[in-house]
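Each remark here refers to the structure printed beneath this line.
Numbering (the UniProt record's numbering), first residue to last: 1 to 427.
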């Protein structure tokens with residue numbers, strides 16, 4: 001079937017209703033052609049008694065992508081018939097050996113497109129690109145499945161139905177992302193003018209399809225589309241378009257009243273890992289009032305958006321802090337065993353100066369011995385600041401940890417001592 005462009009919406013997405021013979025536009029529902037005559041081989045068979053594999057009475061339709069149109073005559077070999085042998089040898093000398101290889105490649109391309117749920121027009125464009133690539137002969141020696149997948153990727157971009165490289169690679173058997181990327185760069189380099197790839201991939205190309213997969217409502221889908229468009233126009237978001245699309249869906253899902261989609265579900269359906277969504281969310285969250293449309297969420301609802309989880313410190317820095325804490329703790333215990341109590345305040349001060357909450361807890365655990373109560377009071381006095389009203393607050397956000405440690409102390413002089421800074425410093 002030839003590609004038919006809709007007169008109203010100017011798209012090529014159409015389906016054939018075999019019952020009525022009507023060609024219908026997928027986008028607007030307009031009937032583009034009625035009483036359509038199918039030119040494929042008829043499904044009825046008149047040779048039920050024969051043992052042939054193909055029982056169709058006629059051949060395939062004309063295929064403009066093949067050199068001979070796909071309507072050449074073939075000769076079958078009959079045992080003991082010298083005429084058929086001569087005809088077979090004559091046929092083998094004809095320059096049509098590339099036709100079978102090209103036809104096999106086009107069948108694989110159609111299979112990839114079918115598994116991705118792409119329309120017939122995209123399959124036709126991908127086949128046309130592959131034929132041009134084959135004629136130019138610059139992909140010799142490359143993985144042909146990767147070349148076919150690249151052609152399909154380019155066809156999707158031309159039709160505005162962008163698919164990610166991961167999605168394309170998932171249907172190309174035996175093809176890695178690296179091979180797909182190399183084949184794509186090679187084709188774009190040699191066919192830049194023919195392809196006319198002026199439109200770049202953006203997050204809006206993925207939002208609608210991801211929302212349909214997740215079952216997001218139409219209102220939320222429009223809001224997510226507007227979010228990625230505003231982020232693209234007003235912000236410098238240096239993230240992968242798929243990551244921005246997944247994050248926009250996560251934001252509207254948190255603001256939507258009915259049925260929030262978890263970040264795990266969004267990660268699975270969008271093909272973006274959880275960590276990447278959270279990192280992109282951290283970039284977009286400060287600008288939520290700018291990019292989220294006012295008709296979808298008001299200021300109060302925007303304040304209810306979940307805060308970004310605290311980032312873990314770098315593992316290397318954590319290792320250094322932990323090593324220093326163990327070293328000072330060991331020296332403190334050695335001094336205690338040797339009775340050198342005069343050296344303890346220096347090491348307790350070193351422990352309390354560590355920029356890690358574990359350092360503060362280490363001060364409590366090591367210094368708060370029955371025999372070293374006065375040094376524990378010094379540590380507590382450093383942790384708690386005296387306010388104007390006489391109250392105290394905790395540094396480093398570790399109040400809950402320090403409270404649990406304080407509650408384990410049975411002696412009342414600790415509590416009495418920290419209530420007065422002067423008393424604590426005099427001990």
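Beta carbons are placed, not taken as given, at the ideal position from N, Cα and C, and that holds for glycine.
All values reported here derive from a predicted model rather than from experimental measurement.
Does the separation of the CB atoms of residue 268 and residue 250 fall below 8 Å?
no
Given a cut-off of 8 Å, decide if residue 162 and residue 232 are closer than it, judged by their beta-carbon atoms.
no
Inter-residue Cα distance where the pair is residue 153 and residue 10
21 Å
6 Å Cβ shell around residue 297 - same chain, five flanking residues per side excluded
255
Residue range of the unbroken beta strand (DSSP E) whose run includes residue 23
22-25
List the DSSP bridge partners of residue 33.
23
Classify residue 125: buried if its beta carbon has 16 or more other beta carbons within 10 angstroms, exposed otherwise.
buried
Along the chain, where does the alpha helix (DSSP H) containing residue 147 start, and where does it finish?
144-158
Note down, in chain order, each residue of its chain lying with its Cβ closer than 8 Å to the Cβ of residue 174, except the 5 sequence neighbours on either side.
Closer than 8 Å at the Cβ level, and outside the excluded window around residue 174, lie 143, 145.
Cα separation between residue 183 and residue 252?
37 Å
Kindly indicate the opening and closing residues of the alpha helix (DSSP H) around residue 205.
204-214
Output needed for residue 5: all residues of its chain with C-beta closer than 6 Å, excluding positions within five of it in sequence on either side, in chain order.
12
Rounded to a whole number of angstroms, what is the C-alpha to C-alpha distance between residue 120 and residue 284?
38 Å
Within 10 angstroms of its Cβ, does residue 264 collect 16 or more other Cβ (buried), or is it exposed?
Label assigned to residue 264: exposed.
Determine the closest residue to residue 137 out of 112, 186, 35, with distance taken between C-alpha atoms.
186
Name the residue from 295, 279, 291 whose alpha carbon lies nearest to the alpha carbon of residue 308.
279
Output the boundary residues of the beta strand (DSSP E) element that contains residue 14.
For residue 14, the enclosing beta strand (DSSP E) has its first and last residue at 14-17.
Cβ pair residue 155, residue 107 closer than 8 Å
no
Please confirm whether residue 270 and residue 248 have their CB atoms less than 8 Å apart.
no
Under three-state DSSP, which class holds residue 282?
helix
Counting pairs of Cβ atoms below 8 Å between the segment 287-294 and the segment 227-242, do you hit three or more?
yes
Whole-angstrom C-beta distance between residue 149 and residue 180, which should lie under 8 Å:
5 Å
Helix, strand or coil: how does DSSP classify residue 127 here?
Three-state result, residue 127: helix.
Smallest Cα separation from residue 165: which of 135, 230, 192, 201?
Comparing alpha-carbon positions, the option among 135, 230, 192, 201 lying closest to residue 165 turns out to be 201.
Quick check on residue 19: buried or exposed, where buried means 16 or more other Cβ atoms within 10 Å of its Cβ?
exposed
For the alpha helix (DSSP H) that residue 4 lies in, which residues bound it at each end?
Per DSSP, residue 4 belongs to no alpha helix (DSSP H) and is neither H nor E.
Distance CB(residue 28)-CB(residue 14) smaller than 8 Å:
no
Proximity of residue 176 and residue 214 at Cβ, strictly below 8 Å:
no
Neighbourhood of residue 429 by C-beta distance below 6 Å, restricted to the same chain and skipping five residues each side:
Look at the range of the chain in this structure, 1 to 427, and you will see that residue 429 is not part of it.
How far does the alpha helix (DSSP H) with residue 270 in it extend, from its first residue to its last?
263-270
Nearest residue (CA-CA) to residue 243, options 207, 219, 221, 216
207
Give me, in chain order, the residues of the same chain whose beta-carbon lies closer than 6 Å to that of residue 35; leave out the 5 immediate sequence neighbours on both sides.
Excluding sequence neighbours, residue 35 sits near 21.
At the level of alpha carbons, what is the spacing between residue 116 and residue 210?
Each residue's Cα considered, the two are about 14 Å apart.
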